[in-house]
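See below for the structure under consideration.
There are 2 protein chains.
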Amino acid sequence: MANRPVTIKDIAEKLSISVSTVSRALKNNPEISLTTREAVQKLAKELKYQPNPLAVALKTQKSNTIGVVVPQIVSSFYATVVKGIEQIADEHNYQVFVSSSNERIEKEEKNVNGFLNMRMDGIILSLTRATTTYDHIHKIQDMGVPMVLFDRTSKELEVSKVVADDAAAAHTAVTHLINGGAKRVAFMTGPEFMLFGTNRLRGYKKALEDKNIPLDETLISRCDFTVEDAKSLALDLLSRVNRPDAIFAINDDMAIGAIAAAKELGLKIPNDLAVVGFSNSRRSRYMEPSVSTMDQNPKEVGREAARLLFEQMEKTPDAKAIKEVVVHADLIVRTSSDK
Amino acid sequence: MANRPVTIKDIAEKLSISVSTVSRALKNNPEISLTTREAVQKLAKELKYQPNPLAVALKTQKSNTIGVVVPQIVSSFYATVVKGIEQIADEHNYQVFVSSSNERIEKEEKNVNGFLNMRMDGIILSLTRATTTYDHIHKIQDMGVPMVLFDRTSKELEVSKVVADDAAAAHTAVTHLINGGAKRVAFMTGPEFMLFGTNRLRGYKKALEDKNIPLDETLISRCDFTVEDAKSLALDLLSRVNRPDAIFAINDDMAIGAIAAAKELGLKIPNDLAVVGFSNSRRSRYMEPSVSTMDQNPKEVGREAARLLFEQMEKTPDAKAIKEVVVHADLIVRTSSDK
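So the sequences go chain by chain: R and W.
1 is the number of the first residue of the first sequence in UniProt numbering; add one for each residue after it.
1 is the number of the first residue of the second sequence in UniProt numbering; add one for each residue after it.
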């Protein structure tokens, strides 16, 4: 700590409390217990803590701009989230600037630093798949810049978030397939380490359980998120003696691959095989047959993220420091599962 | 002019020469004739012209950032252009920040001002459909900030540009349909005022002419750029006694609408009706039948725009002040026209 100024994070670590608690304690916020406030303020004095001058400048000099970091701009999901953010920003007469991390943590860090240097009034961010260290996120907090995470968030971060309920969405999709008469619902998913995959698997299992269908682990299979990989995986699945009569795919591309495999094997959709995908990609609607899917309401995700950010920026009285908003996904039934 | 400082644009207007000529004359650039240089420098002195302090700051203080203004982020064309820009920017260790005008000129102006305030090193921009006044663009030039336009540009602006050759692309598409045996190629296009529509119409006419097919004006029809509108227009076209045997549609959605109409009327694709769309949208590949289309190479458009911008920013010796790069479109033959 010798060569750099003391930050809120240092105080938080020394006292084993959260950054946001320290931040609120320094502002003498009555939501924080008096004991904690006194401990924080005492330590801040001892360590000669000074609010970051950039942070102070940020507070006095509004730029009326919001910076958004997304993993990919070439993704209709993220692009539509941005559109939702823009709607709310327009209402407040704010501008939105977007940068893409291209799923690389070094770029995500650069994007964040760029936005801080450009004095953005607030930052909305969805993490890369690879983000597991959070110094750049803590820096935003240290500087007192309002921030909201969405979609790809982390449990390790005490920040306001807009999240999906992936387990509930998967439960809805699988229950719909079972209600349509499916006895053997396969789940086609991606690599094991991905949180949303784990959550959707949980929803899949719960839906089976709720309908008293025993879990058959051989019906859970993994591949990459592409049409081609999904097709060859589905060709294998559907060629088994005891083949599935329905497939829940973790994204629409996989569902499209599964349908292509079924066609190649002469199976009728949806009668021989019902299929539901995920995320309501543009093409899912126009395929033949059209693909049932879970719509994640990306515009609403963007709107909610922006609303949370403006609450923080405007410090509205009812704005709690940390909020989590869940945006539910809606089932869209199309030909691929409409029995 | 009483209350505002004199700009390069004022000097340009008084002398009836271009802003870039004035800018170069002030720098004593030998590409400009001595007479012009002297006239410009004399007038600048008389009018007490001072370089904009912000412009000077911009020149001395690099931010290693590029601002991009697109009409829509929710468009795979523009998103892919941004991806191309990012590739080149990455190589130069620059960051890219994107803002969307949402096809509104007031937002485009705000975006430009935002980027100028944030001290971007360069700006890449595609105009809204409605942009017909250019003060915000001239302001970028006045401040000496490097700039490149792409896709939606204007003849009134003396700026480096990356453009499509829409006439040549339409010529390629229509020639392909005629080579496949089509005798009556219809052209489904959008509102009359749009420049790219005019250019593609020119290519359509030229292709007919080159094949000695007389122009039948009743085969040129207009509707909105949606699947639904195109379908109802095509139902009308294909119900005529002397119906077309091929359709060249100005975008993929219109092609998809035309195919839906043909199916409804029991026509076989491509034998009864061959169809080519435009822009290689994601869904065009996955439709059934898959849709032939013109690919505009958006990533290359972005890369070329970024290359032109870096030439300006780095003032490489061979960098002429104003350059125009044409990125050609490629025909992608799929089922809808593959005879």
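By construction, the Cβ of each residue, glycine as well, lies at the ideal position given by its N, Cα and C atoms.
Everything numeric in this text was worked out from a predicted model, so none of it was measured.
Q: Starting from Asp295(W), follow its DSSP beta bridges and name the residues at the other end.
A: Taking the first residue of the second sequence as position 1, residue 295(W) is located at position 295. Bridge partners of Asp295(W): Asp330(W).
(Q) On the DSSP bridge list, what partners appear for Val185(W)? (A) By one-based count along the second sequence, residue 185(W) stands at place 185. Looking at the DSSP assignment, Val185(W) forms a beta bridge with Ala246(W).
Q) Which bits of chain R does Thr80(W) rub up against, with CB to CB less than 8 Å? A) Against the second sequence, residue 80(W) aligns to sequence position 80. Those are Val74, listed as they occur along chain R.
Q: Return no unless some Cβ of chain W is closer than 8 Å to the Cβ of Arg283(R).
A: Here the question's residue 283(R) lines up with position 283 in the first sequence. Closer than 8 Å to some Cβ of chain W, the Cβ of Arg283(R) qualifies, so yes.
Q) What residues from chain W crowd round Ser101(R), counting only those whose CB sits closer than 9 Å? A) Along the first sequence, one-based indexing puts residue 101(R) at 101. The premise fails here: Ser101(R) is roughly 10 Å from chain W at the closest Cβ pair, so nothing lies under 9 Å.
Q) Quick one: is Gly203(W) buried, meaning 16 or more other Cβ sit within 10 Å of its Cβ, or exposed? A) Sequence index remark: in the second sequence, residue 203(W) carries index 203 (1-based). It is buried - the Cβ of Gly203(W) has at least 16 other Cβ atoms within 10 Å.
Q: May I ask you to list the residues that DSSP assigns as paired with Val227(W)?
A: By 1-based counting over the second sequence, the position of residue 227(W) is 227. Paired residues: none, contrary to the question.
(Q) Is there a Cβ of chain R sitting closer than 8 Å to that of Ile269(W), yes or no? (A) Taking the first residue of the second sequence as position 1, residue 269(W) is located at position 269. No, its Cβ sits nowhere closer than 8 Å to a Cβ of chain R.
Q.
So, with DSSP's three-state summary, where would you put Lys268(R)?
A. The residue you call residue 268(R) lines up with position 268 of the first sequence. Three-state DSSP puts Lys268(R) in coil, outside helix and strand.
Q) Between which two residues does the alpha helix (DSSP H) containing Arg283(R) stretch? A) Position 283 of the first sequence, counted from the start, is the residue given in the question as residue 283(R). Element bounds for Arg283(R): 282-286.
Q. Leu238(R) and Leu265(R) look like a contact to me (Cβ under 8 Å); what is the Cβ gap, rounded to whole Å?
A. Within the first sequence, numbered from 1, the residue matching residue 238(R) stands at position 238. Within the first sequence, numbered from 1, the residue matching residue 265(R) stands at position 265. The Cβ separation is near 5 Å, so the contact holds.
Q) With 8 Å set as the bound, which would you pick, yes or no: does the beta-carbon of Ile256(W) sit closer than that to a beta-carbon of chain R? A) Position 256 of the second sequence, counted from the start, is the residue given in the question as residue 256(W). Yes, because at least one Cβ of chain R sits closer than 8 Å to the Cβ of Ile256(W).
**Q.** Thr175(W) - DSSP class collapsed to helix/strand/coil
**A.** Translated into the one-based positions of the second sequence, residue 175(W) becomes position 175. Helix at Thr175(W).
Q) For Ser337(W) versus Val276(W), is the C-beta spacing smaller than 8 Å? A) For the purposes of this step, residue 337(W) is identified with residue 337 of the second sequence, where counting begins at 1. For the purposes of this step, residue 276(W) is identified with residue 276 of the second sequence, where counting begins at 1. Yes, these two residues count as a Cβ contact at 8 Å.
**Q.** Contact belief for Phe97(W) with Ile124(W) at Cβ below 8 Å, rounded distance in angstroms
**A.** In the second sequence, residue 97(W) corresponds to position 97, counting from 1. In the second sequence, residue 124(W) corresponds to position 124, counting from 1. With a Cβ gap of about 11 Å, Phe97(W) and Ile124(W) do not count as contacting.
Q | Glu304(W) versus Lys323(W), Lys211(W), Met143(W), Glu288(W), residue with shortest Cα-Cα distance | A | Here residue 304(W) refers to the residue found at position 304 when the second sequence is read from its first residue. Taking only the C-alpha atoms, the option nearest Glu304(W) is Lys323(W).
Q | Selection from Ile178(W), Lys263(W), Arg37(W) that minimises the alpha carbon distance to Asn212(W) | A | Here residue 212(W) is taken as the residue at index 212 of the second sequence, counted from 1. If we check each option's Cα against that of Asn212(W), Ile178(W) comes out closest.
**Q.** Where the alpha helix (DSSP H) containing Gln141(R) begins and where it ends
**A.** To locate residue 141(R), count along the first sequence from 1; it is residue 141. Gln141(R) -> alpha helix (DSSP H) spans 135-142.
Q: Quick one: which residues of the region 2-36 of chain W get their C-beta closer than 8 Å to a C-beta of chain R? List them in chain order.
A: none
Q.
Assuming Leu149(R) is part of the beta strand (DSSP E), what are its boundary residues?
A. Counted from its first residue, the first sequence places residue 149(R) at position 149. Taken as a continuous stretch (DSSP letters only), the beta strand (DSSP E) holding Leu149(R) covers 147-150.
Q: Give the straight-line distance between the Cα atoms of Phe225(R) and Asn280(W), rounded to the nearest whole angstrom.
A: Translated into positions along the first sequence, residue 225(R) becomes position 225. Translated into positions along the second sequence, residue 280(W) becomes position 280. If I take the Cα positions, the gap works out to 21 Å.
Q: Report the three-state DSSP secondary structure of Lys48(W) (helix, strand or coil).
A: Translated into the one-based positions of the second sequence, residue 48(W) becomes position 48. It is coil, neither helix nor strand.
Q. Got a sec? Which residues, its chain only, sit under 8 Å from Asp121(R) by beta carbon, not counting five neighbours each side?
A. Looking up residue 121(R) in the first sequence gives position 121. Correct list, in chain order: Leu58, Lys62, Ser63, Asn64, Thr65, Ile66, Tyr94, Val145, Pro146, Met313.
Q: Output yes if chain A places a C-beta closer than 8 Å to the C-beta of Val96(R); else output no.
A: In the structure shown, chain A does not exist; the protein chains are R and W.
Q: Compile a chain-ordered list of the residues in the region 118-130 of chain W whose CB is closer than 7 Å to at least one CB of chain R.
A: Met118
Q: Could you check what DSSP says for Ile17(W) in three-state terms: helix, strand or coil?
A: The residue given as residue 17(W) occupies position 17 in the second sequence. Here Ile17(W) sits in coil by DSSP.
Q. For the region 286-309 of chain W, which residues have a CB atom closer than 7 Å to at least one CB atom of chain R, in sequence order?
A. Tyr286, Met287, Glu288
Q) Is the Cβ-Cβ distance between Ala329(W) and Ser20(W) less than 8 Å? A) On the second sequence, residue 329(W) is found 329 positions in, with the first residue counted as 1. On the second sequence, residue 20(W) is found 20 positions in, with the first residue counted as 1. It is not a contact, given that the beta carbons lie outside the stated cut-off.
Q) Phe193(W): buried (16+ other C-beta within 10 angstroms of its C-beta) or exposed? A) For the purposes of this step, residue 193(W) is identified with residue 193 of the second sequence, where counting begins at 1. That one is exposed.
Q) Can at least three beta-carbon pairs, one atom from the region 32-51 of chain R and one from the region 32-49 of chain W, be found at a separation below 8 Å? A) no
Q: Tell me Ser100(R)'s beta-bridge partners as DSSP assigns them.
A: Position 100 of the first sequence, counted from the start, is the residue given in the question as residue 100(R). DSSP, once it has assigned bridges, lists Val70(R) as partnering Ser100(R).
Q) Can you round the beta-carbon distance between Pro214(R) and Thr80(R) to whole angstroms, since I take them to be within the 8 Å contact cut? A) The residue you call residue 214(R) lines up with position 214 of the first sequence. The residue you call residue 80(R) lines up with position 80 of the first sequence. About 39 Å separates the two Cβ atoms, so there is no contact after all.
Q.
For Cys223(W) and Ala249(W), I'd like the C-alpha separation in whole angstroms.
A. Here residue 223(W) refers to the residue found at position 223 when the second sequence is read from its first residue. Here residue 249(W) refers to the residue found at position 249 when the second sequence is read from its first residue. Whole-angstrom Cα-Cα distance: 11 Å.
(Q) In the DSSP output, which residue or residues are listed as bridge partners for Glu324(W)? (A) Locating residue 324(W) in the second sequence gives position 324, counting from the first residue. Looking at the DSSP assignment, Glu324(W) forms a beta bridge with Lys161(W).
Q: Please look up how many angstroms separate the CB atoms of Val325(R) and Leu308(R), rounded, as I've assumed it's under 8 Å.
A: As a working note, residue 325(R) is residue 325 in the first sequence. As a working note, residue 308(R) is residue 308 in the first sequence. With 8 Å as the limit, Val325(R) and Leu308(R) qualify as a contact, their Cβ atoms being about 6 Å apart.
**Q.** Spatial distance of Ser284(R) from Ala246(R) (CA atoms)
**A.** Working through the first sequence from its first residue, we reach residue 284(R) at position 284. Working through the first sequence from its first residue, we reach residue 246(R) at position 246. About 17 Å.
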